[in-house]
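Here the structure comes first, spelled out in structure tokens, and everything after it is commentary.
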Amino acid sequence: MEEIHDALRGAAVPLGLDLAFFQSNHEGALIDRLHARDFDVAIVNAGGLTHTSIALRDALSAVQRPFIEVHLSDPARREPFRHVNYLADIALESIVGQGPRGYELALESIARRFGETHG
Numbered sequence: 143m144e145e146i147h148d149a150l151r152g153a154a155v156p157l158g159l160d161l162a163f164f165q166s167n168h169e170g171a172l173i174d175r176l177h178a179r180d181f182d183v184a185i186v187n188a189g190g191l192t193h194t195s196i197a198l199r200d201a202l203s204a205v206q207r208p209f210i211e212v213h214l215s216d217p218a219r220r221e222p223f224r225h226v227n228y229l230a231d232i233a234l235e236s237i238v239g240q241g242p243r244g245y246e247l248a249l250e251s252i253a254r255r256f257g258e259t260h261g
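So that you can map any letter, position 11 of the sequence shown is 153 in this note's numbering, and since no number is skipped, the others follow by simple counting.
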């Protein structure tokens, strides 16, 4: 994960974006972080919670902040239970199957959409 953070820090500078990272495997911790509302735009890799967590969906909707969904693999090409996605229809964009590069693509999308006023 630290390698991804380092790459994103480097990619954010020329885009004029400020970054803060938060990672947790605990649904409640993710929801609490979202409810803090101390961000303008989020990049969210919900992992397995994508397919199971209505609570995470509700939190992402409630905070009224745009987010881009990122998955390292393409869930549509995996097991059938991974085809359920509670986040895609409320995300600005879903980037799937690009590996760690998906996070950089999300940053570039944020810069295009919002410029230097968000991050």
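By construction, the Cβ of each residue, glycine as well, lies at the ideal position given by its N, Cα and C atoms.
query                                                                                        : result
Nearest-angstrom Cα separation, counted from R219 out to A178                                : 34 Å
One or two residues paired with A184 in a DSSP bridge                                        : F209
S285, enclosing beta strand (DSSP E) - first and last residue                                : As shown, the chain starts at 143 and ends at 261. That puts residue 285 outside it, with no answer to give.
Close beta carbons around L214, own chain, < 6 Å, minus the five adjacent residues each side : G241
Per-residue DSSP class, three states only, for V226                                          : coil
Backbone secondary structure at E221 - three-state DSSP                                      : coil
Where the alpha helix (DSSP H) through I146 begins and ends                                  : 144 to 157
Those residues which DSSP pairs with I237 across a bridge                                    : V212
Contact the segment 246 to 253 vs the segment 188 to 196: 3+ CB pairs below 8 Å              : no
Contact set for Y228: own chain, Cβ-Cβ below 8 Å, skip 5 residues either direction           : T192, H193, T194, S195, I196, L198, R199
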